[in-house]
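Read through the structure below, which is laid out as structure tokens, and then see the notes.
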Amino acid sequence: MKDRAYELGHERVGRLLLRYSTPAIIAMTVNSLYNVVDTVFVGRGAGTLALAALAVSFPIQMFILAIAQVVGIGSASIISRALGAGDLRHAERTAGTSFAAVTVLSLLLTAGGLAFLKPLLRLFGATPEVLPYGIEYLSVIMGGAFFFAFAVSSHNIVRAEGNVKMAMYSMILGAVVNVILDPVFIFGLGLGIRGAAIATVIAQSCSFAFLIWYFRSGRSLLRMGRLDLRPDVGVLPEMFAIGASSLARVAAGSAMAIVLNNSIAHYGENVHLAVMGVIQRALMLFLMPQFGLIQGLQPIVGFNYGAGNTARVHGAVHRAVVAATALSSVGFGVLMLLPTPILSLFSSDPVLIDAGRGIVRVVIAMFPVVGYQIVGASLFQALGKAGPALFLSMSRQVLFLVPLTLLLPLWLGLGGIWWSFPAADGLSVVVTAVWVRHEMRLLRGHASAHEVPSTAA
1029 MKDRAYELGH ERVGRLLLRY STPAIIAMTV NSLYNVVDTV FVGRGAGTLA
1079 LAALAVSFPI QMFILAIAQV VGIGSASIIS RALGAGDLRH AERTAGTSFA
1129 AVTVLSLLLT AGGLAFLKPL LRLFGATPEV LPYGIEYLSV IMGGAFFFAF
1179 AVSSHNIVRA EGNVKMAMYS MILGAVVNVI LDPVFIFGLG LGIRGAAIAT
1229 VIAQSCSFAF LIWYFRSGRS LLRMGRLDLR PDVGVLPEMF AIGASSLARV
1279 AAGSAMAIVL NNSIAHYGEN VHLAVMGVIQ RALMLFLMPQ FGLIQGLQPI
1329 VGFNYGAGNT ARVHGAVHRA VVAATALSSV GFGVLMLLPT PILSLFSSDP
1379 VLIDAGRGIV RVVIAMFPVV GYQIVGASLF QALGKAGPAL FLSMSRQVLF
1429 LVPLTLLLPL WLGLGGIWWS FPAADGLSVV VTAVWVRHEM RLLRGHASAH
1479 EVPSTAA
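This note's numbering applies: residue 1029 is where the sequence shown begins, and numbers increase by one.
In structure tokens, the structure reads:
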């Protein structure tokens, strides 16, 4: 505990950010890579309609992720600040409360999702041809929602206590299992898109088992007894308030998906839904390293903010912005220069490849600035400032993307849907920049009065 507390408060923030982020970046990249491989197998083994089914199922899967992140990010922020203030007992109670909360919420999601599966898929744009594939896939995914949600929320807790490598090992384990099982279930057993879902749930169960072992093995800083697993009503409101920005981001994304998929179905064809599914998976491959970066950033910011080391907060955020911009620029370059080879990985359908080539280049036109917006929203989560985190998380989808997706096609037809993405990216970054610059000025203003001597370089 003392060693981790010392490094969070005194080690050079650039080196610390690299050390804390690298395992998360590796894990998130591997995680996104197995999602890409999963989609490749589905496209090759089940066809274009199955790819379209992944597109309409994606926002529902992201909603499960969001519920887990509400608990995970909210509890991780509290735990980081509690450890920074030296209150280990509060950190342990918070972790136990998070386990109880994610269990109850994920089981409710499973029950509700299975009960309303067809209406949900139709709501998210499933056409009559796509619907059977969506039911095959999502019924299995919803059945295993608990394992996914527990793993996602617990990864945040493990990182919050400074043990980023264990979170990485858990995610890599799930990814490797999924990649191994995908061809077995899809091709070997001939289960198609249902086989992909079964492989995913088994992989998530493996991550769950690994995390249970970690917390029970004594390797965690947090020592939780049975009483700690009872929800602490004093912790829950703050946990949900801080994590709500993640839920809002995905809820906004779900609203966007409803508008987007139904607009595509109205102005385009099933192949355009499939293209959107491919783009979503390809973008995740380049977005996930940035999410890994901020997962390394948040314990540094949370700990030093709790300890009053505001100069270190500023230094860490600055370096994270530079790194996130570099990562998003790499993604921009790859997708802009190589759209045809990337699309060809997912499908041999020439219609999909021809349609997708131009769409990819339009959608990613402002991708280099996306990293700044991601870091900006995560900053306020780490500081425990739920209001700004919530607003910035929702700004891209709710304020800009949904209205633009509704309005631009009135003049530009199907093309207007694709142009709404770069427009929303640019506008949301402007809003984020204004808010982040204001917060950085406040932190600098308090630094001289509250700074604890440490190395911020």
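Beta carbons: idealized from backbone N, C-alpha and C, even for Gly. Note that the coordinates shown come from a computational prediction; the quantities given were computed from them, not determined experimentally.
By the Cβ rule, the stretch 1140–1155 counts as touching the stretch 1078–1096, because three or more pairs are nearer than 8 Å. Taken through DSSP and simplified to helix, strand or coil, T1076 comes out as helix. Residues of the same chain with a CB within less than 7 Å of the CB of L1432, apart from the 5 flanking positions on each side, are S1448, A1451, A1452 in chain order. Annotation note: the stretch 1256–1298 contains the following uninterrupted alpha helix (DSSP H) runs of length 4 or greater, listed N- to C-terminal: 1264–1295. Taken through DSSP and simplified to helix, strand or coil, L1371 comes out as helix. Taking 8 Å as the upper bound for CB-CB distance, G1404 and W1463 are in contact here, some 7 Å apart. Across the structure, A1110 and V1379 are spaced so that their CA atoms are roughly 55 Å apart. Ranked by how close their Cα comes to the Cα of A1096, the residues A1173, T1228, V1065 have A1173 in first place. Taking one beta carbon from each stretch, the stretch 1305–1319 and the stretch 1390–1410 have 3 or more pairs nearer than 8 Å; the two touch.
For E1189, the secondary structure class from DSSP, reduced to helix, strand or coil, is coil. Ranked by Cα distance from L1079, the first of N1191, R1465, I1092, A1224 is A1224. Within the stretch 1096–1126, no complete beta strand (DSSP E) segment of 3 residues or longer occurs.
The Cβ neighbour count for I1208, taken over all protein chains shown within 10 Å, is under 16; the residue is labelled exposed. If you check the CB distance, V1158 and N1298 come in under 8 Å. Remark: fewer than three beta-carbon pairs, one from each stretch, lie closer than 8 Å, so the stretch 1315–1326 and the stretch 1116–1128 are not flagged as touching. The three-state secondary structure of A1393, taken from DSSP, is coil. Secondary structure note for A1414: its alpha helix (DSSP H) is the uninterrupted segment 1414–1422. Comparing alpha carbon positions, the residue from S1375, S1233, P1437, G1359 closest to T1057 is G1359. Taking P1327 as reference, the option from L1411, D1260, H1294, L1275 with the minimal CA-CA separation is L1411. Proximity of the stretch 1280–1296 to the stretch 1056–1076 falls short of the contact definition, fewer than three beta-carbon pairs being nearer than 8 Å. Considering only A1203, A1351, P1265, V1306, the residue with the shortest C-alpha distance to A1081 is V1306. Excluding sequence positions up to five before and after L1264, its CB lies within less than 8 Å of the CB of T1125, A1129, all in the same chain and listed in chain order. If you check the CB distance, F1178 and S1134 come in under 8 Å.
For M1170 against T1138, the beta-carbon gap comes to about 5 Å, under 8 Å, which counts as contact. The stretch 1049–1063 and the stretch 1101–1120 do not touch, with fewer than three beta-carbon pairs separated by less than 8 Å.
Remark: fewer than three beta-carbon pairs, one from each stretch, lie closer than 8 Å, so the stretch 1363–1379 and the stretch 1275–1294 are not flagged as touching.
Going by DSSP, F1243 is part of the alpha helix (DSSP H) stretching over 1220–1244. Around the beta carbon of R1222, 16 or more other beta carbons lie within 10 angstroms, which makes this residue buried. Nearest Cα to G1114 within the set G1330, R1258, G1444, A1348: G1330. Around the C-beta of P1156, fewer than 16 other C-beta atoms lie within 10 Å, and the residue is accordingly described as exposed. In the three-state DSSP reduction, G1141 falls in the helix class (H, G or I).
Looking from the CA of L1046, the closest CA among Q1089, F1176, K1193 belongs to K1193. Sorting R1043, G1141, H1183, A1104 by C-alpha distance to the C-alpha of A1055 places H1183 at the top. If you look at S1376, you'll find it isn't in any alpha helix (DSSP H); DSSP assigns it neither H nor E. In this structure Q1425 touches A1280 by the C-beta definition: roughly 4 Å separates them, less than 8 Å. Here M1199 has A1055, N1059 as same chain residues with Cβ atoms under 6 Å from its own Cβ, once five neighbours each way along the sequence are excluded.
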